[in-house]
Amino acid sequence: MEHESTQELPVTPDAVAGGRTEISDEVVEKIAVAAAKAVPGVVELGGDVARFFNAVLDRVGLDQVGDARRGCSAHVTDGAAVINLVIVTDAGHPVPEVTTAVRVAVTQAIEAYGLRVDEINIRVDDVAIGGPAA
-11 MEHESTQELP VTPDAVAGGR TEISDEVVEK IAVAAAKAVP GVVELGGDVA RFFNAVLDRV
49 GLDQVGDARR GCSAHVTDGA AVINLVIVTD AGHPVPEVTT AVRVAVTQAI EAYGLRVDEI
109 NIRVDDVAIG GPAA
């Protein structure tokens, strides 16, 4: 039985094709939402109207509709992201601590994808007292 021999070809930077890599706004939004939701003191994302419609969607079994981007918008230009978040905080957590932690978590998550974060704007839309916001 004959063995075929294979030759490993080294990949050097000169041998790698060039081109551009773009990360869409939607991908940045998903990453930012996941990072923000993991921060202690963040109960939920989204404003009053969005939460109302999402609650209706949840009740009729369409709970995944738009779920990944609830409460977030992002814009990426030339490898830099500007992110806008709307959050609901837990009354037991000081707002400045929560928003600082959100900025740190979101920045780290986005930078892990090779983007720079220029701005993270956060609007605290509600405070949940004694449980999740209605």
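Per the numbering used here, the very first residue in the sequence shown carries number -11; after that it's consecutive.
C-beta atoms are modelled at their ideal positions from N, C-alpha and C, and glycine is treated no differently.
This structure is a prediction, so every number in the text was calculated from the model and none was measured.
**Prompt:** Could you give the residue range of the alpha helix (DSSP H) that holds Arg91?
**Reply:** 83 to 99
**Message:** For Gly7, count the other beta carbons within 10 Å of its own beta carbon; 16 or more makes it buried, fewer makes it exposed. Which is it?
**Reply:** exposed
**Message:** Taking the alpha-carbon of Val90 as reference, which of Val27, Ala22, Val16 has the nearest alpha-carbon?
**Reply:** Val27
**Prompt:** Counting pairs of Cβ atoms below 8 Å between the stretch 76 to 83 and the stretch 13 to 21, do you hit three or more?
**Reply:** no
**Message:** What would DSSP say about Ala68, mapped onto helix, strand or coil?
**Reply:** strand
**Message:** Check this for me: beta carbons of Ile71 and Glu14, under 8 Å apart or not?
**Reply:** no
**Prompt:** What's the C-alpha gap between Glu10 and Ala68?
**Reply:** 11 Å
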